[in-house]
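Residue numbers (my numbering): 5 to 412. Glycine included, C-beta positions come from ideal geometry on N, C-alpha and C. Because the structure is a prediction, the values reported are computed rather than measured. Scroll down for the structure; my scribbles are underneath it.
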Amino acid sequence: MLKWKKESNLRYDFDKPVDRRNTNSFKWDIPERHMGCGDVLGMWTADMDFQSPAPMLDVLRKRLDHGVLGYTIRGQKYYGIIQDWLRRRYGWTLEKEAIHFCPPGVIPAVCMLIEVLTKPGDAVFAFMPNYDSLYGAAESMGRRLVTAPLLCKPQGPLRCADWKMDLQAFENAVVEQEIHLALFCSPHNPVGRVWTEEELAAFADVCLRHDVFVISDEVHCDIVREGVRHIPMGSVPGMEERSATLMSPNKSFNVAGLMTASVLIPNREVMAAFRKKLSAWAMTLDTVFGTLAVEELYSDPACEEWLDQVNAYLSANLAYAADYIDNSIPGISTYVPQGTYLLWLDFSQTPLRGGELCEYLVKRCGLDLCDGREFDPSRDDHMRLNCACTRATLEEALRRLKKGMDAL
Ligand SMILES: Cc1ncc(COP(=O)(O)O)c(C=O)c1O
5 MLKWKKESNL RYDFDKPVDR RNTNSFKWDI PERHMGCGDV LGMWTADMDF QSPAPMLDVL
65 RKRLDHGVLG YTIRGQKYYG IIQDWLRRRY GWTLEKEAIH FCPPGVIPAV CMLIEVLTKP
125 GDAVFAFMPN YDSLYGAAES MGRRLVTAPL LCKPQGPLRC ADWKMDLQAF ENAVVEQEIH
185 LALFCSPHNP VGRVWTEEEL AAFADVCLRH DVFVISDEVH CDIVREGVRH IPMGSVPGME
245 ERSATLMSPN KSFNVAGLMT ASVLIPNREV MAAFRKKLSA WAMTLDTVFG TLAVEELYSD
305 PACEEWLDQV NAYLSANLAY AADYIDNSIP GISTYVPQGT YLLWLDFSQT PLRGGELCEY
365 LVKRCGLDLC DGREFDPSRD DHMRLNCACT RATLEEALRR LKKGMDAL
């Protein structure tokens, strides 16, 4: 087994290509998305093309060698490891009883919490644009989705910080539509905002005055630019008892296939109801590898070093791509996000819209990006580009994009 020491100054090699085709990869192996074209680069769903930290892979290999993969519980070590992680990275102290795992993932936890906190037909709020499975959970659980916009009024070249919550529209909706549950995305997918202390306090103020409980999807919390600080919703003054914060090493360490989400609910009544819901769905046991992965990823300093280095690599990729697009591809504009590895691209200066835009990108450019309409049905002139790939893949993708736009 490899030994990785923090003092080793080990450089992880994120330039190393890993062919993900034919691994049942959601990002690379869905033929329908490729519209009959062979050579299409997968730049859409939010996972990375990098191998996860080697110490974690060693732990999983060792467990596999044991050879018995029976029913698995989450061990007692898990709670302390999550507590340490939250304290170390976010200065958030949480009691053990406020922590629960949810193997199917963050979105299934959101769905169950919607059931716990509202009745069919109740209004549930989300800002738009937003991650489709998050705002979509309201309607898929039979609730009424009510939205308000994120506003973007740049004073000069567009910057991520130009995106703001329209809190007046939020408060109006809360009052008029009798909203008592909001779905919040932090860091925000797709616009890339990492909300500041002041913004979170102002949002919390509306929630607290009108008795709105918040489900905060923080799956991207560990992927932020240098100097940017993520603040968990549950640690915002007044919100501890009025929110559920959902985190996961899924995005941070590229383990979406391992089912590793954690649900953080200091409110005992809500936690008890959530546990009951898990139990009703017979979701009381864990996955063999998910448990081990969380414990290793959140406790081994070598994995945290990997996270620091992947953040640096992603930040360089995003800066490079944003600069290239703004300076070399007329018609598309973008900016470096404060968090996530996703670029939100504005194609409004091109003649392409919606399905035509998607088809052009796949068939003419060989690029599979996310359609902006998934994040907001009105955004037929936006696409989302996932930059969590090797620099060589990113360079190739940008070359293809430029060639396609030059040909318009
Ligand atoms: C904001 C957000 N929440 C949740 C998820 C999915 O999380 P999970 O796989 O744990 O359900 C994603 C994946 O892209 C995401 O971007």
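Check, Outcome
"Given that a residue counts as buried once 16 or more other Cβ atoms are within 10 Å of its Cβ, and exposed if not, what is R403?", "exposed"
"Would you call the region 228–247 and the region 69–87 touching, i.e. three or more CB-CB distances under 8 Å?", "no"
"Buried or exposed for H70, please, with buried defined as at least 16 other CB atoms from any protein chain shown within 10 angstroms of its CB.", "exposed"
"Pull up the CB-CB distance for T429 and T76, whole angstroms please, since I reckon it's below 8 Å.", "There is simply no residue 429 to check, as the chain begins at 5 and stops at 412 in what is shown."
"Count the other CB atoms within 10 Å of the CB of W32; is the residue buried (16 or more) or exposed (fewer)?", "buried"
"So for H214, helix, strand or coil by DSSP?", "coil"
"How is the beta strand (DSSP E) around M132 delimited, first residue to last?", "127–132"
"DSSP three-state label for K7, please.", "Only weak support is given to the placement of K7: the predicted model assigns it a pLDDT of 41, under 50, and the question is left unresolved by the model."
"Report yes or no: do the region 108–115 and the region 219–230 share at least 3 C-beta pairs separated by less than 8 Å?", "yes"
"Roughly how many whole angstroms lie between the Cα atoms of S56 and N176?", "44 Å"
"I need the boundaries of the beta strand (DSSP E) containing S247, first residue and last residue.", "247–251"
"With the cut-off set at 8 Å, would you say E101 and M387 are in Cβ contact?", "no"
"Classify R197: buried if its beta carbon has 16 or more other beta carbons within 10 angstroms, exposed otherwise.", "buried"
"Taking 8 Å as the limit between beta carbons, can you name the residues of its chain near E203, skipping five residues before and five after?", "K168, M169"
"Can you give me the C-alpha to C-alpha distance between Y82 and Y94, rounded to a whole angstrom?", "17 Å"
"Could you tell me which of Y16, C391, D126 sits nearest to K255, measuring between CA atoms?", "C391"
"Roughly how many whole angstroms lie between the Cα atoms of F217 and P133?", "20 Å"
"Measure the alpha-carbon distance for T344 versus L412 and round it to whole angstroms.", "30 Å"
"Quick one: what's got a C-beta closer than 6 Å to M5's C-beta in the same chain, skipping five residues either side?", "Note that M5 scores a pLDDT of 35, beneath 50, so its modelled location is shaky and nothing firm can be said."
"Would you say the beta carbon of L138 comes nearer than 7 Å to a heavy atom of ligand 1?", "yes"
"Sorted by chain position, which residues of the same chain lie with C-beta nearer than 6 Å to E399's C-beta, five sequence neighbours on each side aside?", "none"
"Taking a contact to mean a Cβ-Cβ separation below 8 Å, would you say F30 touches F54 in this structure?", "no"
"Excluding five sequence neighbours on each side, which residues of the same chain lie with their C-beta closer than 6 Å to the C-beta of F293?", "L64, L262"
"Can we count D290 as close to ligand 3, meaning its CB is less than 7 Å from some heavy atom?", "Questions concerning ligand 3 fall outside what the structure shown contains, since the ligands it does hold are ligand 1."
"Can you tell me whether N254 sits near ligand 1, meaning its C-beta is under 7 Å from at least one heavy atom of the ligand?", "yes"
"Please classify T354: does DSSP put it in a helix, a strand, or coil?", "coil"
"Looking at ligand 1, does it come within less than 7 Å of A50, judged from the CB to the closest heavy atom?", "yes"
"Along the chain, where does the alpha helix (DSSP H) that runs through W89 open and close?", "81–94"
"Run through DSSP, which three-state label would V2 get?", "Within the shown structure, residues of the chain are numbered from 5 to 412, placing residue 2 beyond reach of any answer."
"Here's the rule I'm using: 16 or more other beta-carbon atoms within 10 Å means buried, otherwise exposed. How should S319 be labelled?", "buried"
"R148 and A165: beta carbons closer than 8 Å?", "no"
"Around the C-beta of G424, are 16 or more other C-beta atoms found within 10 angstroms, so that it is buried, or is it exposed?", "Since the first residue shown for the chain is 5 and the last is 412, residue 424 is missing from the structure and cannot be characterised."
"Rounded to whole angstroms, how far is the Cβ of G238 from the Cβ of L268, which I believe are closer than 8 Å?", "6 Å"
"In whole angstroms, what separates the C-alpha of A58 from that of V259?", "12 Å"
"Less than 7 Å separating the Cβ of Y135 from some heavy atom of ligand 1?", "yes"
"With a Cβ-Cβ cutoff of 8 Å, do E378 and D136 count as a contact?", "yes"
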